[in-house]
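Below you'll find the structure, written out as structure tokens, and then a few comments.
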Amino acid sequence: MTSNHDIDSPQVAQEPARRSGSILLVLLVAGAIVAAAVGFMTLGHANAQPYILALLALLAMVGLFTLFAFAAGIVRFADRTADDPLMRPVVDHAFDGVAITDAGGHIVYANSAYLTLTGATSMQDVRPVERVFIGNPDVSEAVFRLLKAAREGKRQQEEVRVAAADGEHGRWLRLRVRPLGQAKRQSRHAVWSIADITRDRERQEDVFQELRHAIEYLDHAPCGFFSVNPSGDLAYVNATLANWLDHDLAEIGSGGLKLTDVVSGDGAALLTSIVAAPGEVKTEVFDVDLRMRNGKTMPARLYHKLAFGADGVPGPSRTLVISRARDERVDPQRAAEVRFMRFFDHTPMAIATVDKSGAVGRANARFAKLAQSLSSDGATAKSILAAVNERDRSQLSAAIHAAADGQGDIPPVELMLVGARERWGQFFVTAVEDDDRDAEAAIVYVLETTERRTLENQINQSQKMESVGQLAGGIAHDFNNVLSAIMMANDFLLNAHKPTDPSFQDIMQIKQNANRAAALVRQLLAFSRRQTLQPKVLDLGDTLSDIGMLLKRLIGEKVTFPGVVHGRDLWPVKADVSQFEQVIVNLVVNARDAMPNGGKLAIRTANVAAAEVATFGHKGMPAADYVLVEVSDTGTGIPPDIVDKIFEPFFSTKEVGKGTGLGLSTVYGIVKQTGGFIYVDSRAGEGTTFRIFLPRHHPETDARPEAAAGGSSRDSSTPAKPTSGDLTGQGTILLVEDEDGLRSLNARGLRSRGYSVIEAANGIEALEAFDEKNGAVDLVVSDVVMPEMDGPALLREMRKRNPDLKIIFVSGYAEEAFDKSLPENEQFAFLAKPFALSALVAKVKETMAST
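Residue numbers (the numbering used here): 2 to 852.
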């Protein structure tokens, strides 16, 4: 039987005696049973039966009591693992104190080290951990956490300092607790261990003090020191350097400062451009300017040490900083050196010395930055030839060899630089005046000219487009005069022939082709931005929705078009609705042709605020509010070599006879004349996106107020159809036209409608005829562009003679082409060439009928 120990006087639990099993005993018991069975067999069945029953009863009774003893724990099967003779001595003689407590916190085992560490004199004095350190406020919190972990069956560790009686010399103890085992019965017990770690803590304290002294020495050294990690962040800066730069040490090491924050100009590129073999440690010397917090600079010499790993990746650097600010005041020679290094590193040109093969010897900060931007593998930093496109390297190599031979006045060469995007640089090569030209054969100055070339190309393209536009406008004007004569003569022929006449169909064919020619001329005028527009305030969402069905019929069944994706609350714009529809149709047709095997067409609209304009990265578009119309396709795309030519007139990638080459040039002209901008983004094989930016319309800024009772200041629209079909009239018309044939036809048509017509070839003849009639003229119909005196000048002279005189201007150019040459709010009507006879007489009757 087991005895219960008193709680206040715990005893060290004794392990149960080891039970040793023996095979001999088993054999003896088995032999006795077998002998008894044999003996019973000799007695006979009748005589042996009572003995057999007695033996079986005895065996059953023994087995039953054995089962009850096993269930009660009196008898247990032997655990071979517990029979290990090394287990108990190892725990008993361990250096750390070990104790085992049950679920109630009572100690059931403790080794001798535990007694010593807890101050117990015997097994009867042993106490649990919480009772050992009761009343010690420095330890109680840690013990509470350990007890909580023991109750929850968790592991926990704490390190506590136990003060000595004198208050000066104390001990550091490491307290641990863990469950006894994984089984449910074992997990109710906890294993406590106590270790004296005073010597370990003292050694740690000594190391910490030595480290603190070393950091203090480094912080207050007479020179600066810093370390930079591979990402460019300052991982450490000593107090001396922080004081020089007037920075707070708290900002450093927490992501507050980067190398570029403390090194002026492009000097940081010198430190990050070091190239070395894997595993190599390199130390370089750099003279740079450090930037203080107030923006001022300080000259310094850096001894920069950088170690590279086995994979070639650089690790954190170690950099010693020596201030050279004092050298400027003490040593004139060093001051000159500082000034030269400042000039060398801060010049806007990249400078490097090279040998005959182009290998870089020395370079300034700007060259290091240029080399980093051109290649990430450091090839450019090693050889200047690696900075140039392979096709142009021979030119630079020839210039370097010429300098190595002592040749002077080597002309500069402009070469393409390497890289994903097109970049250019101008290289100036000069000879080195030194006997040892094998080490340094030449000095190369590099000035990047990418922006200059881009600007030159833009200016050249703009001038070319302007010249072509002027040519197209002039051609269109002359064509309009010819077409006007053709259309006017065609109208006379149609009036003279009935539909049953054999030649009537030929005349109609002439009319149709004349109309097609007029449409082509309108495209030329649209490109040259000299067509007549009828701008109105539009909601682009509604406008695009109106032509949605038309667009679906245009693109066919192979192309997927889910519809227009409208932006929310689109701003109004002011544009000619028919011309804008033509823009969208042209872009959609081009997108369809770029997807012969099918694809996806997308059109979307959105508002673009002035603050968002810069995010698109389009040059030449000022910051303002725009409405964006985007047309995208997934077609073949536009090759990079022709993307800059797509807006040029007569440029087409289609087969001969399948396009005029005026589609995109017309789009360009209409968008520009509306005051908008158009840009293209295309990748070969991926698709094309056109973005149209139309300026937002503000109703309060409408420039032309409606005239009061006198009607509008000018009528530039196509004449409205008269309320009746009667186009005859009466009155005297002064017809001014420098084209004799067109003037004759126009006069003939007006006379046929009952008007009296006075003809004049230019403005001077018109004034003479006007004076001969003493101003008895009801209407003046005048061309705009004429020799000697044009239409606007004629109008000003006519107004001096008769302020109320009515006038109609006719022109192949848009009204805006001469609008600025007229006085403000001047009243006149406008008719665009080419026009039919019916349009002319209708405009004349409408103008003469107006008050």
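Backbone N, C-alpha and C define an ideal beta-carbon position, used for all residues, glycine too.
query                                                                                                                                                                  : result
If we count the other Cβ atoms within 10 Å of its Cβ and call it buried at 16 or more, is G658 buried or exposed?                                                      : Legend: pLDDT at G658 = 38, less than 50; position of this residue unreliable, value from coordinates given subsequently. So G658 ends up on the exposed side.
Pick from S384, E423, A151 and K357: whose alpha carbon is nearest that of A399?                                                                                       : K357
Please classify V845: does DSSP put it in a helix, a strand, or coil?                                                                                                  : helix
If I measure Cβ to Cβ from L838 and keep anything under 6 Å in the same chain, skipping five residues before and after, which residues do I get?                       : M489, D492 and G750
Evaluate I809 with the Cβ neighbour count: other Cβ atoms within 10 Å of its Cβ, from every protein chain shown; 16 or more gives buried, anything less gives exposed. : buried
Name the one or two DSSP bridge partners that K370 has.                                                                                                                : None, per the DSSP bridge assignment.
How about the region 370-381 and the region 403-422: do they share at least three Cβ pairs that are nearer than 8 Å?                                                   : yes
Which of helix, strand or coil does DSSP assign to P706?                                                                                                               : Its pLDDT being 41, under 50, P706 is placed unreliably in this model, and the coordinates cannot settle the point.
Please report the distance separating the alpha-carbon of G182 from that of L148.                                                                                      : 17 Å
So, helix, strand or coil for I556, using DSSP?                                                                                                                        : helix
Report all residues from its chain with a CB closer than 6 Å to the CB of F836; omit the five preceding and five following residues, and keep chain order.             : none
Thinking just about the alpha-carbon of each residue, which of S504, E687 and D805 is nearest to the one in A592?                                                      : E687
With H, G and I counted as helix, E and B as strand and the rest as coil, what does DSSP make of I734?                                                                 : strand
Would DSSP call Y110 helix, strand or coil?                                                                                                                            : strand
What are the partner residues of R172, as DSSP defines its beta bridges?                                                                                               : V163
How many Å lie between S718 and E847 at the Cα?                                                                                                                        : Confidence is the limiting factor: at S718 the pLDDT is only 39, short of 50, which leaves the residue's position unreliable, though a coordinate-based value still follows. Their Cα atoms are separated by approximately 12 Å.
Is it a yes or a no for the region 735-750 touching the region 761-768, going by three-plus beta-carbon pairs under 8 Å?                                               : yes
Could you tell me the distance, in whole angstroms, from the CA atom of E285 to the CA atom of D634?                                                                   : 54 Å
Can you name, in chain order, every residue of its own chain whose Cβ lies under 8 Å from the Cβ of D290, other than the five neighbours on each side?                 : V264, S265, G266, G268, T298, M299, P300, A301, R343, D346 and H347
In the DSSP assignment, what are the bridge partners of V782?                                                                                                          : L736 and I809
I think I401 touches V361, with their Cβ atoms under 8 Å apart; what is that distance to the nearest whole Å?                                                          : With a Cβ gap of about 11 Å, I401 and V361 do not count as contacting.
Quick one: what does DSSP say K673 is sitting in, helix, strand or coil?                                                                                               : helix
What did DSSP end up calling A14 once you bin it into helix, strand or coil?                                                                                           : At A14 the pLDDT is 40, less than 50, meaning the model places this residue with poor confidence; the figure from the coordinates comes in the next sentence. In this structure, A14 counts as coil in the three-state DSSP scheme.
Inspect the beta-carbon positions of A353 and S274 and report whether they are closer than 8 Å.                                                                        : no
Taking buried to mean at least 16 other C-beta atoms within 10 Å of its own C-beta, is A624 buried or exposed?                                                         : exposed
Mind checking Q334: buried by the 16 CB within 10 Å criterion, or exposed?                                                                                             : exposed
Evaluate contact between the region 572-591 and the region 663-682, counting only Cβ atoms and requiring at least three cross-stretch pairs below 8 Å.                 : yes
If the criterion is Cβ atoms closer than 8 Å, does the pair V630 and L541 meet it?                                                                                     : yes
Which of helix, strand or coil does DSSP assign to D288?                                                                                                               : strand
Can you tell me which of V109, G225 and E452 puts its alpha carbon nearest to the alpha carbon of K620?                                                                : E452
In the region 25-104, which residue ranges form an unbroken alpha helix (DSSP H) of at least 4 residues, counting only runs that do not cross its ends?                : 46-73 and 88-93
Using DSSP bridges, identify the partner residues of N608.                                                                                                             : V628
Less than 8 Å between the C-beta atoms of P573 and Y627, yes or no?                                                                                                    : no
Rounded C-beta distance between G115 and I198? I'm assuming under 8 Å.                                                                                                 : A small fix is needed here, since residue 115 is Tyr in this sequence, not Gly. So it is not a contact: roughly 16 Å between Cβ atoms.
Anyone know if the C-beta pair for P317 and N244 falls short of 8 Å?                                                                                                   : no
Give a yes or no on whether the C-beta atoms belonging to A603 and G638 are separated by under 8 Å.                                                                    : no
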